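S.K.: This structure is in structure tokens; I'll ask about it shortly.
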Amino acid sequence: MIKRKSKGLILVRNNEIYHVDNNRAGQRLDVYVTSSGNNLSRSYIQKLIGEGLVKVNGIEARANYRLKEGDEIAVEIPPPTELQVLPEQIQLDIYYEDLDVIVINKPRGMVVHPAEGNFYGTMVNALLYHCRDLSGINGVLRPGIVHRIDKDTSGLLMAAKNDLAHERLADQLKEHTVARGYLALAHGSMQFDQGIINAPIGRDPRDRKKMAVTSRNSKNAITHYRVLGRAGDYTFLELRLETGRTHQIRVHLAHIGHPLAGDARYGPARPHFDLAGQFLHAYLLGFIHPRETRYLEFKAPLPGVLLEILKSLDLAGSLEQVYCFQK
Numbered sequence: 002m003i004k005r006k007s008k009g010l011i012l013v014r015n016n017e018i019y020h021v022d023n024n025r026a027g028q029r030l031d032v033y034v035t036s037s038g039n040n041l042s043r044s045y046i047q048k049l050i051g052e053g054l055v056k057v058n059g060i061e062a063r064a065n066y067r068l069k070e071g072d073e074i075a076v077e078i079p080p081p082t083e084l085q086v087l088p089e090q091i092q093l094d095i096y097y098e099d100l101d102v103i104v105i106n107k108p109r110g111m112v113v114h115p116a117e118g119n120f121y122g123t124m125v126n127a128l129l130y131h132c133r134d135l136s137g138i139n140g141v142l143r144p145g146i147v148h149r150i151d152k153d154t155s156g157l158l159m160a161a162k163n164d165l166a167h168e169r170l171a172d173q174l175k176e177h178t179v180a181r182g183y184l185a186l187a188h189g190s191m192q193f194d195q196g197i198i199n200a201p202i203g204r205d206p207r208d209r210k211k212m213a214v215t216s217r218n219s220k221n222a223i224t225h226y227r228v229l230g231r232a233g234d235y236t237f238l239e240l241r242l243e244t245g246r247t248h249q250i251r252v253h254l255a256h257i258g259h260p261l262a263g264d265a266r267y268g269p270a271r272p273h274f275d276l277a278g279q280f281l282h283a284y285l286l287g288f289i290h291p292r293e294t295r296y297l298e299f300k301a302p303l304p305g306v307l308l309e310i311l312k313s314l315d316l317a318g319s320l321e322q323v324y325c326f327q328k
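Each residue of the sequence shown is one higher than the last, beginning at 2 in the working numbering.
Here is the structure:
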């Protein structure tokens, strides 16, 4: 049995064991486990407790059990249910493909991989029909998926067609050598023409469905930005990711007071321009080919619905700074 210690947490295969210190004594069991950096929702933790998979000092306990100093909490996390993901004949906007990797320009509104409520019509369903040979490293629900973008974010994604390619592409992401450029329209007129947002991101302690800049159970996150144009109460931006945290650009821009246009989760509740989802497009993707070691770089034009918004703000000319062909 292999054990790995990290921040007071001992992982034993699929089990998690916590030791309660004095600062957390008196806290509810479900609250404690949820806030212990496991990225699991409170409702899921309560489900595990109800199924007897969370034990305190070797004994099943209720969700409202009040912890005592020195308590040992063992959480058994069952393996995810392997669902059958069916290939679907969905048209893909393919920018590059060979025996190792495929690069797709994902449309707004398409989910990358199946999840609760979205088991059909995803990019994975489409890839399974088109490729028939994807990396199996991320399991049946995420075959070939090396990285992802949000449902309502459009733009470039790469997928691996074998495990060797997957491992090498994933290593590039970890080493921050993948070039990832985004175009975004933010609320407000940003003061500086360029800058770096360096702020850790983790689960929002007040809303588990959101991410937030927080020092608690968070990971380092760095976003570089450059202003391409300003119009009234909006700023058009190019952004480069140094790290790739969940909702990173959306959280970072909201944190500095400039949430994305259309982002009802992190910005105004009533999105401007009648946008269904945030104004965010992954326009650039560059990486070293996993087998041939040559650099590949791709740019995808801004979707029509977003381009029309820029035209209405007289900002479409700003695109010449990142494209030489789109106005």
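Each residue gets a CB set at the ideal place from its N, CA and C atoms; glycine is no exception.
Here the structure is a predicted model, which is why all the values come from computation and not from measurement.
Taking the CB atoms as reference points, tell me whether Asp235 and Ala277 lie closer together than 9 Å.
M.R.: Checking the sequence shown, residue 235 turns out to be Tyr, not Asp. For Tyr235 and Ala277, no; Cβs fall outside 9 Å.
S.K.: Let me check understanding here. Comparing Cα to Cα, which of Arg63, Gln92, Gly156 and Gln90 lies closest to Gly305?
M.R.: The shortest Cα separation from Gly305 among Arg63, Gln92, Gly156 and Gln90 belongs to Gly156.
S.K.: With the cut-off set at 9 Å, would you say Ser319 and Leu307 are in Cβ contact?
M.R.: No, they are not a contact pair.
S.K.: Give the straight-line distance between the Cα atoms of Thr123 and Glu168, rounded to the nearest whole angstrom.
M.R.: Taking the straight line joining both Cα atoms gives about 23 Å.
S.K.: On the CB-based measure, 16 or more other CB atoms within 10 Å of its CB, does Pro260 come out buried or exposed?
M.R.: Counting Cβ neighbours within 10 Å, Pro260 comes out buried, since at least 16 surround it.
S.K.: Within 10 angstroms of the Cβ of Asp329, are there 16 or more other Cβ atoms? Answer buried if so, exposed if not.
M.R.: Outside the displayed span of the chain (2 to 328) sits residue 329, for which this structure offers no information.
S.K.: So, using beta-carbon positions, are Met191 and Gly203 closer together than 9 Å?
M.R.: Contact: no.
S.K.: Count the other C-beta atoms from every protein chain shown that fall within 10 angstroms of the C-beta of Gln279, then say buried if there are 16 or more, exposed otherwise.
M.R.: Classification of Gln279: buried, given that the 10 Å Cβ count is 16 or more.
S.K.: Return helix, strand or coil for Met212, following the three-state DSSP convention.
M.R.: Looking at Met212 - three-state DSSP - the assignment turns out to be strand.
S.K.: Rounded to whole angstroms, what's the CA-CA distance from Leu135 to Arg251? Just pull it up for me.
M.R.: So the alpha carbons of these two residues sit roughly 30 Å apart.
S.K.: Along the chain, where does the beta strand (DSSP E) containing His256 start, and where does it finish?
M.R.: Per DSSP, His256 belongs to no beta strand (DSSP E); it is in the alpha helix (DSSP H), Gln249 to His256.
S.K.: Can you tell me the Cα-Cα spacing of Asp22 and Leu170, whole angstroms?
M.R.: Computed Cα separation, rounded: 40 Å.
S.K.: Asn163 to Gly145, Cα distance in whole Å?
M.R.: Looking at the two C-alpha atoms, the distance is approximately 7 Å.
S.K.: DSSP on Val104, reduced to helix/strand/coil?
M.R.: Strand at Val104.
S.K.: For Gly51, which residues of its own chain have a beta-carbon under 8 Å away from its beta-carbon, when the five flanking residues on both sides are left out?
M.R.: Once the five neighbours on either side are set aside, the close Cβ partners of Gly51 are Ala64.
S.K.: Look at Leu165 and Arg292 and say whether their C-beta atoms are less than 9 Å apart.
M.R.: For Leu165 and Arg292, yes; Cβs fall inside 9 Å.
S.K.: Assuming Glu89 and Asn126 make a contact with CB atoms under 8 Å, what is their CB distance in whole Å?
M.R.: Their Cβ separation, rounded to whole angstroms, is 4 Å, which keeps Glu89 and Asn126 in contact under 8 Å.
S.K.: Beta-carbon separation of His256 and Ala200 under 9 Å?
M.R.: Yes; because the gap between Cβ atoms is below 9 Å, this pair is in contact.
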